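In the working numbering, the protein residues as written are 168 to 587. Structure record follows, encoded as structure tokens.
Structure (structure tokens):
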């Protein structure tokens, strides 16, 4: 038996009473547990007669131990009975214990109250999109670049867009500095790979020419000793390569091996269709983002700090996983950017708050509108996840529960409700 009393935003008191057979059983179990650990002179531990045990262990001790033992089960039942969503560990207070019953109170941090605005008046407006001939030609130009071949310039000088093969070494005050040397390095002029002014000074050079290049590092350069400092690079130009753009013809199109696309005209139609799909997708995402922003702006929520902190931690973990997939550790990233972990978390705070508000608002909407996923919805979600991760459905269920699936689907249904 349990009851709930709200004591403040995002905090309730859950009072549970344990009595009857359940309490009697807990008392016996607690007495046995205390007996097993009791040490009395003249008796082996765990072998003390019950009559002697009762002289050393009071009823209050047994009852208190029993209350501790039943607390977790009482909490779980109380949460389920009152449909509570805890956001942090509760605090336990033992209000009273006697031979017949115990009364426990849990101070529970729960999801905060959400007061939605008039969400039914929100407008979901997707911008109309189109694809011009110029858009298609821009993609064709990219393809020409991708399929371009490099041709060595036997004569002539470096021009913007050329690829140079160079040796270089940097000196500050006549002394070579760490990380300032390279051999047979391919540098595209105009790419902005090197510090400002370096690439421009290669323009006009000939193959096998040597030159000293004077530049200064930016004031915000990541190496302290080089920030804003003038340096000299000794450069030798070995080779100049020029891009020869590909000719887009039917033969090249066939080599692309795109299903049902064999001619230049078919390729252009294919590109146009894809561009249109992408633009529609982007327009829908933008409209959804604007819709959610309006939903949040019209709502009242006081988010507990523990929720924000936890979401910040999750964002750090998400980004850490992305770095790992690129071969960079979180520590390496923080060294490169000069950030501490606390600074990184603080930077994620606005995003964390927005995520939480979005989830809470959609969750509240799903409750108000009674948007419940069906068994078919849940089964389909499992199947979709299995396809996505190339797994069997039963294997997916080892990692994801029905409750998690239901929770996600409720949010999706709430979003679909808003879009209609």
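Where a beta carbon is used, it is the ideal one built from N, C-alpha and C, also for glycine. All of these numbers come straight from a predicted model, not from anything done at the bench.
> residue 245 CB to nearest chain D CB: under 9 angstroms?
Replying inline: The structure shown contains no chain D; it holds only a single protein chain.
>> Restricting to Cα atoms, I'd like to know which of 242, 537, 404 is closest to residue 379.
In response: The shortest C-alpha separation from residue 379 is found at 404.
>> Is the beta carbon of residue 448 closer than 9 angstroms to that of residue 483?
In response: Against a cut-off of 9 angstroms, the Cβ pair of residue 448 and residue 483 comes out as no contact.
> Which residue comes first and which comes last in the alpha helix (DSSP H) that contains residue 248?
Replying inline: Counting along the chain, the alpha helix (DSSP H) containing residue 248 begins and ends at 226 to 249.
> Smallest Cα separation from residue 265: which of 230, 479, 293?
Replying inline: A check of alpha carbon separations from residue 265 across 230, 479, 293 identifies 230 as the nearest.
>> Based on DSSP bridge pairs, tell me the residues matched to residue 308.
In response: Answer is none; residue 308 lacks a bridge partner.
> What residues are listed by DSSP as bridge partners for residue 183?
Replying inline: 169, 271, per the DSSP bridge assignment.
>> Could you pull the DSSP bridge partners for residue 352 from this structure?
In response: Looking at the DSSP output, residue 352 sits in a beta bridge with 333.
>> Let me confirm a value: residue 546 is counted as buried when at least 16 other C-beta atoms fall within 10 Å, else exposed. Which label applies?
In response: With fewer than 16 neighbouring CB atoms inside 10 Å of its own CB, residue 546 falls in the exposed class.
>> Considering only the alpha carbon of each residue, which of 388, 399, 368 lies closest to residue 505?
In response: It is 388 whose Cα lies nearest to the Cα of residue 505.
> Closest by CA to residue 354, which one among 375, 325, 552, 345?
Replying inline: Across the set 375, 325, 552, 345, the C-alpha of 325 shows the shortest separation from the C-alpha of residue 354.
> Are the CB atoms of residue 183 and residue 169 nearer to each other than 9 angstroms?
Replying inline: Using a Cβ distance threshold of 9 angstroms, residue 183 and residue 169 count as a contacting pair.
>> Can you tell me whether residue 210 is buried or exposed? The criterion is at least 16 other CB atoms within 10 Å of its CB, across all chains shown.
In response: Counting every other CB atom within 10 Å of its CB across the protein chains shown gives residue 210 a total below 16, marking it as exposed.
> Using the beta-carbon count (16 or more within 10 Å), is residue 474 buried or exposed?
Replying inline: Burial call: buried.
>> Quick check on the DSSP output: the beta strand (DSSP E) that includes residue 408 runs from which residue to which?
In response: For residue 408, the uninterrupted beta strand (DSSP E) segment begins and ends at 397 to 411.
>> Can you tell me whether residue 425 is buried or exposed? The criterion is at least 16 other CB atoms within 10 Å of its CB, across all chains shown.
In response: That one is exposed.
> Can you tell me whether DSSP reads residue 490 as helix, strand or coil?
Replying inline: The three-state secondary structure of residue 490, taken from DSSP, is helix.
> Per DSSP, residue 282 is paired with what?
Replying inline: Residue 282 pairs with 467.
> Within 10 angstroms of its Cβ, does residue 498 collect 16 or more other Cβ (buried), or is it exposed?
Replying inline: Exposed: under 16 other Cβ atoms inside 10 Å.
> Which residue from 551, 356, 566, 559 puts its Cα closest to that of residue 576?
Replying inline: Each of 551, 356, 566, 559 was checked against the Cα of residue 576, and the nearest Cα belongs to 551.
>> Within the continuous alpha helix (DSSP H) that includes residue 531, where are the two ends?
In response: According to the DSSP assignment, residue 531 belongs to the alpha helix (DSSP H) that extends over 516 to 535.
>> Give me, in chain order, the residues of the same chain whose beta-carbon lies closer than 6 angstroms to that of residue 487; leave out the 5 immediate sequence neighbours on both sides.
In response: Excluding residues within five positions, the ones whose Cβ falls inside 6 angstroms are 497.
> Which one of 281, 216, 221 has the shortest CA to CA distance from residue 465?
Replying inline: Considering only 281, 216, 221, the residue with the shortest C-alpha distance to residue 465 is 281.
> Going by alpha carbons, who is nearest to residue 414 out of 328, 311, 394, 323?
Replying inline: Comparing alpha carbon positions, the residue from 328, 311, 394, 323 closest to residue 414 is 311.
> Would you call residue 533 buried or exposed, if buried means 16 or more other Cβ atoms sit within 10 Å of its Cβ?
Replying inline: With a 10 Å radius around the Cβ and a threshold of 16 neighbouring Cβ atoms, residue 533 comes out buried.
>> Among the candidates 345, 573, 411, whose CA atom is the shortest distance from the CA of residue 392?
In response: Check the Cα spacing between residue 392 and each of 345, 573, 411: the tightest is with 345.
> From residue 222 to residue 180, what does the alpha carbon distance come to, in whole angstroms?
Replying inline: Residue 222 and residue 180 have their alpha carbons spaced roughly 37 angstroms apart.
>> Just verifying my parser: in three-state terms, what is the DSSP assignment at residue 380?
In response: Reduced to three states, the DSSP call for residue 380 is strand.
>> For residue 276, list the residues DSSP reports as bridge partners.
In response: In the DSSP assignment, the residues bridged to residue 276 are 178.
> From residue 255 to residue 247, what does the alpha carbon distance come to, in whole angstroms?
Replying inline: So the two alpha carbons sit approximately 16 angstroms from each other.
> CA-CA distance, residue 331 and residue 386?
Replying inline: Taking the straight line joining both Cα atoms gives about 27 angstroms.
> Quick one: what does DSSP say residue 595 is sitting in, helix, strand or coil?
Replying inline: This structure cannot speak to residue 595, because the chain is shown only from 168 to 587.
> Which two residues bound the contiguous alpha helix (DSSP H) that contains residue 253?
Replying inline: Run containing residue 253: none; DSSP gives neither H nor E here.
> Hey, would you say the C-beta of residue 209 is under 8 angstroms away from at least one heavy atom of the ligand ATP?
Replying inline: This structure does not include the ligand ATP; it has no bound ligands of any sort.
> Which residue from 537, 528, 239, 556 puts its Cα closest to that of residue 279?
Replying inline: Nearest option by C-alpha distance: 528.
>> Just verifying my parser: in three-state terms, what is the DSSP assignment at residue 290?
In response: Three-state result, residue 290: coil.
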